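Engineer: Quick one: this structure, given as structure tokens, is what I'll be asking you about.
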Amino acid sequence: MPARCRLFTAALLTGLLIGPMSATASQSPTPTRAQLLAKSRSAEWRTPSPDNLLVMQLPSGRVLIELAPDFAPLHAANIRTLVRQHYFDGLAIVRVQDNFVTQWGDPASDDHGDKSKLRSLGKAHDTVPPEYTWAIDPKLEWTALPDGDVYAPEVGFSEGFPAARDPAIGQEWLTHCYGMVGVGRDNGPETGNGSELYVVIGQAPRRLDRNLAIAGRVLEGMPLLAGLPRGEGEMGFYTKPSQRTPIESVRLASELPAAQRPAIQVLRTDSPTFAALLDAQRHRHDAFYKVSSGKVGLCSVDVPVRRQVPPPATR
Numbered sequence: 254m255p256a257r258c259r260l261f262t263a264a265l266l267t268g269l270l271i272g273p274m275s276a277t278a279s280q281s282p283t284p285t286r287a288q289l290l291a292k293s294r295s296a297e298w299r300t301p302s303p304d305n306l307l308v309m310q311l312p313s314g315r316v317l318i319e320l321a322p323d324f325a326p327l328h329a330a331n332i333r334t335l336v337r338q339h340y341f342d343g344l345a346i347v348r349v350q351d352n353f354v355t356q357w358g359d360p361a362s363d364d365h366g367d368k369s370k371l372r373s374l375g376k377a378h379d380t381v382p383p384e385y386t387w388a389i390d391p392k393l394e395w396t397a398l399p400d401g402d403v404y405a406p407e408v409g410f411s412e413g414f415p416a417a418r419d420p421a422i423g424q425e426w427l428t429h430c431y432g433m434v435g436v437g438r439d440n441g442p443e444t445g446n447g448s449e450l451y452v453v454i455g456q457a458p459r460r461l462d463r464n465l466a467i468a469g470r471v472l473e474g475m476p477l478l479a480g481l482p483r484g485e486g487e488m489g490f491y492t493k494p495s496q497r498t499p500i501e502s503v504r505l506a507s508e509l510p511a512a513q514r515p516a517i518q519v520l521r522t523d524s525p526t527f528a529a530l531l532d533a534q535r536h537r538h539d540a541f542y543k544v545s546s547g548k549v550g551l552c553s554v555d556v557p558v559r560r561q562v563p564p565p566a567t568r
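Take any residue in the sequence shown, note its place counting from 1, add 253, and you have its number in my numbering.
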């Protein structure tokens with residue numbers, strides 16, 4: 254082995270064997286995510302309403318989406334109407350743009366689609382007023398992040414969703430973080446009716462905030478949406494029907510028999526455990542991380558989701 258390589262190897266071994274010992278002598282390692290969640294109390298977890306939980310079945314598996322009716326009530330209601338009519342059954346994922354979004358809906362609505370074959374919206378509204386922002390509601394839970402943000406004066410979490418606020422104008426809005434589900438539209442602000450939906454699969458495109466309605470968040474199944482082949486057409490649209498991923502069905506959890514409803518829970522973002530997770534991420538220190546950032550970015554926070562824990566058996 255050349256002397257230079259032996260020197261590098263020796264230095265690496267010294268850093269691995271001695272560095273962590275000296276670093277941890279004065280500072281204990283930050284608790285891990287798993288350790289903090291293991292100590293959480295059952296009251297710190299919430300169960301999404303089955304009326305707000307979409308169950309989308311793809312050939313590769315199941316995707317669970319929680320709607321956000323407190324932030325986009327008209328869009329959430331229209332999406333529920335579409336789902337109850339089985340509107341999405343047999344439609345497809347039509348667009349996957351790298352580092353941006355995955356989009357699904359009626360292939361006939363594409364710019365090159367046959368508009369004469371558009372599926373009827375049935376009882377759903379063709380247009381919905383834009384719900385890009387809303388007045389700050391003091392009754393809604395708000396967990397602020399004091400670390401600063403490029404796109405908004407204030408950011409934080411409300412009912413499990415990443416959100417932003419501007420107290421000067423009294424407005425707040427949901428943000429385009431990874432896993433957030435938005436409503437596609439044409440140029441007209443009212444053209445987004447929920448029949449075309451997209452999910453953020455890349456770096457957070459926060460420039461879209463306040464320009465499109467956000468209707469919910471994926472709780473389970475992101476790998477099924479983010480790992481699809483990228484479209485080769487403009488903006489990531491698929492150029493051949495064979496490239497699209499078919500949607501087998503979309504149902505509200507409340508439509509399913511009780512035994513088939515997803516047993517899933519979300520950590521409350523106003524809970525002590527969530528606060529501890531934020532602090533651990535902000536000040537992370539362990540054998541690998543020698544320098545903590547001291548800050549948390551809104552879209553770098555992953556709100557924990559778990560399968561529902563059954564109550565302890567009683568004798």
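Glycine included, each C-beta is placed from N, C-alpha and C at the ideal position. Only a predicted model underlies this, so the values are computations on that prediction, with no experimental measurement involved.
Under three-state DSSP, which class holds residue 275?
Structural biologist: Residue confidence is low: residue 275 scores 37 on pLDDT, short of 50, so the model does not pin down where it sits. Its coordinate-derived value is still stated next. Of the three classes helix, strand and coil, the one that applies to residue 275 here is helix, per DSSP.
Engineer: Provide the residue(s) that pair with residue 309 in DSSP beta bridges, ordered along the chain.
Structural biologist: Answer is 316 and 503.
Engineer: With a cut-off of 8 angstroms, does the C-beta of residue 297 fall near any C-beta of chain B?
Structural biologist: Here chain B cannot be found, since the structure has a single protein chain.
Engineer: So what's residue 289 in DSSP terms, helix, strand or just coil?
Structural biologist: helix
Engineer: Mark residue 384 as exposed unless 16 or more other C-beta atoms lie within 10 angstroms of its C-beta, in which case mark it buried.
Structural biologist: buried
Engineer: List the endpoints of the continuous alpha helix (DSSP H) containing residue 560.
Structural biologist: Segment 558-560 is the beta strand (DSSP E) holding residue 560; no alpha helix (DSSP H) there.
Engineer: Just tell me which of 550, 301 and 552 has its CA closest to the CA of residue 412.
Structural biologist: A check of alpha carbon separations from residue 412 across 550, 301 and 552 identifies 301 as the nearest.
Engineer: Can you pull the DSSP bridge partners for residue 458?
Structural biologist: Residue 458 pairs with nothing; no bridge assigned.
Engineer: Consult DSSP for residue 411 and reduce its assignment to one of helix, strand or coil.
Structural biologist: strand
Engineer: Taking its Cβ as the centre, do 16 or more other Cβ atoms sit within 10 Å of residue 491, making it buried, or is it exposed?
Structural biologist: buried
Engineer: What span of residues does the beta strand (DSSP E) with residue 355 cover, start to end?
Structural biologist: 354-358
Engineer: What residue does the alpha helix (DSSP H) around residue 336 start on, and which one ends it?
Structural biologist: 326-337
Engineer: Residue 377 and residue 446 - do their beta-carbons sit closer together than 8 angstroms?
Structural biologist: Between residue 446 and residue 377, the C-beta gap is smaller than 8 angstroms, which places the two residues in contact.
Engineer: By how many angstroms is the C-alpha of residue 369 removed from the C-alpha of residue 557?
Structural biologist: 44 angstroms
Engineer: In the DSSP assignment, find the beta strand (DSSP E) that holds residue 350 and state where it starts and stops.
Structural biologist: Segment: none, residue 350 is in no beta strand (DSSP E) and carries neither H nor E.
Engineer: Could you check if residue 324 is buried or exposed, using at least 16 other CB atoms within 10 Å of its CB as the buried criterion?
Structural biologist: buried
Engineer: Indicate the three-state DSSP secondary structure (helix, strand or coil) for residue 518 in the structure shown.
Structural biologist: strand
Engineer: Roughly how many angstroms lie between the CA atoms of residue 286 and residue 550, to the nearest whole one?
Structural biologist: The alpha-carbon atoms of residue 286 and residue 550 are separated by roughly 17 angstroms.
Engineer: If you count every other CB in all the chains shown that lies within 10 Å of the CB of residue 316, and 16 or more means buried, which is it?
Structural biologist: buried
Engineer: Report the partner residues of residue 398 according to the DSSP bridge assignment.
Structural biologist: 408
Engineer: On the CB-based measure, 16 or more other CB atoms within 10 Å of its CB, does residue 393 come out buried or exposed?
Structural biologist: exposed
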